[in-house]
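Participant: Quick one: the structure is below, and I'll ask about it shortly.
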Amino acid sequence: MHDILIAPSILSADFARLGDEVRAIDQAGCDWVHIDVMDGHFVPNITIGPGVVGALRPHTRKVFDVHLMIAPCDPYIEAFAKAGSDIITVHAEVGPHLDRSLQLIKSFGKRAGVSLTPSTHESAIAHVLDRLDLILVMTVNPGFGGQAFIPAMAEKIRSIRGMIGSRPIHLEVDGGINAETAAIAATAGADVLVAGSAVFAGGRYAENIAAIRSAAAAGARSAPAQGR
Ligand code: DX5
Ligand code: ZN
212 MHDILIAPSI LSADFARLGD EVRAIDQAGC DWVHIDVMDG HFVPNITIGP GVVGALRPHT
272 RKVFDVHLMI APCDPYIEAF AKAGSDIITV HAEVGPHLDR SLQLIKSFGK RAGVSLTPST
332 HESAIAHVLD RLDLILVMTV NPGFGGQAFI PAMAEKIRSI RGMIGSRPIH LEVDGGINAE
392 TAAIAATAGA DVLVAGSAVF AGGRYAENIA AIRSAAAAGA RSAPAQGR
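Under my numbering, the sequence shown is numbered contiguously, ending at residue 439.
Here's what the structure looks like:
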């Protein structure tokens, strides 16, 4: 079984107090800070640019897990790298040259991730596995927080866990994760859980993070060891 990491998505934070919010989730025990970058083109919403990532960087030493939902992505990778991202994840669907984008991320000394929207088959990443530090399975259609987890994604998570084999690649899930769906995702083989609404709801960040973590750990313990 893998240690479970919790990455709150600041998409659900109070945007007028983002620095305070990042400090609060840090103190509440998050592992990573998940930053959703949207362009109003690849996804139907607009959020955060590299300037905001740079402004948040002094507020925590935790890993900045930057999820780029932008097309094209290559022209912006340098700016997100220099702003203090630790992991930069691009979508497999944004262009024909995923391998080039991953090499570009690595050229700045950053960890590289690839994300798949719910309708994209996992075979899209079969030939780039050796370049990856992280695979992000979207468990909702990207664009907004607060959507419901798509149950068919459990099978995809399981299949990707098998593809990863013994490679040191994180398997992250994003969208509709709460204590209940965290257990489903961890049982299927996910080891990093993004949660927006479920962490920020009600203001009890530490309690919310702990609830997701313990539900996921219980799920991961019950998962078969084979292929994980
Ligand atoms: C959706 C984003 C997610 C989102 C998750 O496009 O990538 O990170 O903020 O929010 P919840 O946990 O509310 O589904
Ligand atoms: Zn995300």
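Where a beta carbon is used, it is the ideal one built from N, C-alpha and C, also for glycine.
These numbers come from a predicted model, not from an experiment.
(1) Helix or strand or just coil, what does DSSP make of GLY265?
(2) Please go through the same chain and pick out, in chain order, the residues whose beta-carbon is closer than 7 Å to the beta-carbon of ALA264, but skip the five residues on each side of it.
(3) Return the chain-ordered list of same chain residues with a C-beta closer than 8 Å to the C-beta of GLN437, the five sequence neighbours on each side being excluded.
(4) Using three-state DSSP, classify PRO283 as helix, strand or coil.
(5) Between LEU345 and the ligand DX5, is the CB less than 8 Å from at least one heavy atom?
(6) Could you tell me whether any non-hydrogen atom of the ligand ZN is closer than 8 Å to the CB of LEU160?
(7) What residue does the beta strand (DSSP E) around GLU383 start on, and which one ends it?
(8) Taking buried to mean at least 16 other C-beta atoms within 10 Å of its own C-beta, is GLU391 buried or exposed?
(9) Check whether the Cβ atoms of LEU267 and ILE288 lie closer than 9 Å to each other.
(10) When you measure from the CB of HIS270 to every non-hydrogen atom of the ligand ZN, does any distance come out below 8 Å?
(11) Around the ligand ZN, what residues have a beta-carbon under 5 Å from a heavy atom of it, in chain order?
(12) Would you mind giving the Cβ-Cβ distance between ILE346 and GLY324, rounded to the nearest angstrom? I have them listed as a contact below 8 Å.
(13) By alpha-carbon positions, which one of ASP344, ASP231, VAL384 and GLU232 ends up nearest to ILE298?
(14) By DSSP, does SER237 sit in helix, in strand, or in coil?
(15) Using CA coordinates, which residue listed in ILE221, THR271 and SER223 is at the minimum distance from GLU237?
(16) What separation, rounded to the nearest whole angstrom, lies between the Cα atoms of ILE459 and ALA397?
(17) Please classify GLY407: is it buried, with 16 or more other beta-carbons within 10 angstroms of its beta-carbon, or exposed?
(18) Tell me HIS300's beta-bridge partners as DSSP assigns them.
(19) In three-state terms, what does DSSP make of ASP402?
(20) Could you have a look at VAL348 and say whether DSSP puts it in helix, strand or coil?
(21) Could you tell me the boundaries of the alpha helix (DSSP H) in which LEU315 lies?
Facilitator: In terms of the structure at hand:
(1) Against the sequence shown, residue 265 aligns to sequence position 54. Correct three-state label for GLY265: helix.
(2) Locating residue 264 in the sequence shown gives position 53, counting from the first residue. The residue asked about is misnamed: residue 264 is Val in this sequence, not Ala. Contacts found: ILE246, PHE275, VAL277, PHE291, ALA294, GLY295 and SER296.
(3) The residue given as residue 437 occupies position 226 in the sequence shown. Only weak support is given to the placement of GLN437: the predicted model assigns it a pLDDT of 43, under 50, and the question is left unresolved by the model.
(4) By one-based count along the sequence shown, residue 283 stands at place 72. It is coil, neither helix nor strand.
(5) By 1-based counting over the sequence shown, the position of residue 345 is 134. Answer for LEU345: no, Cβ out of range of the ligand DX5.
(6) The displayed coordinates of the chain run from 212 to 439. Any statement about residue 160 would go beyond what the structure contains.
(7) Residue numbering aside, residue 383 sits at position 172 when the sequence shown is read from its first letter. Run containing GLU383: 381 to 385, per the beta strand (DSSP E) assignment.
(8) For the purposes of this step, residue 391 is identified with residue 180 of the sequence shown, where counting begins at 1. Exposed.
(9) Residue mapping note: residue 267 aligns to position 56 of the sequence shown, counting from 1. Residue mapping note: residue 288 aligns to position 77 of the sequence shown, counting from 1. Taking 9 Å as the Cβ cut-off, LEU267 and ILE288 do not qualify as a contacting pair.
(10) As a first step, residue 270 must be located in the sequence shown, where it is residue number 59. Result no, Cβ not under 8 Å from the ligand ZN.
(11) Selection around the ligand ZN by beta-carbon proximity, strictly under 5 Å to any non-hydrogen atom, yields ASP247, HIS278 and ASP385 in chain order.
(12) Within the sequence shown, the letter at position 135 stands for residue 346. Within the sequence shown, the letter at position 113 stands for residue 324. Rounded to the nearest angstrom, the Cβ distance from ILE346 to GLY324 is 7 Å, consistent with a contact under 8 Å.
(13) On the sequence shown, residue 298 is found 87 positions in, with the first residue counted as 1. Nearest of ASP344, ASP231, VAL384 and GLU232 to ILE298, Cα basis: ASP344.
(14) The residue given as residue 237 occupies position 26 in the sequence shown. It should be noted that the sequence gives Asp, not Ser, for residue 237. In the displayed model, ASP237 falls within a helix according to three-state DSSP.
(15) In the sequence shown, counting from the first residue as 1, residue 237 sits at position 26. It is worth fixing the name first, because residue 237 is Asp in this sequence and not Glu. Distance check between ASP237 and each of ILE221, THR271 and SER223 places THR271 closest, using alpha-carbon atoms only.
(16) This structure leaves residue 459 out entirely; the chain is present only between 212 and 439.
(17) Working through the sequence shown from its first residue, we reach residue 407 at position 196. Under this definition GLY407 is a buried residue.
(18) For this step, residue 300 is matched to residue 89 along the sequence shown. With the sequence shown as reference, residue 300 is identified as Thr, and His is not the correct amino acid for it. Residue pairing by DSSP puts THR300 in a beta bridge opposite HIS278 and GLY324.
(19) Within the sequence shown, numbered from 1, the residue matching residue 402 stands at position 191. Coil, per DSSP.
(20) Position 137 of the sequence shown holds residue 348. Shown here, VAL348 sits in a strand according to DSSP, grouped into three states.
(21) Locating residue 315 in the sequence shown gives position 104, where the first residue counts as 1. Start and end: 309 to 318.
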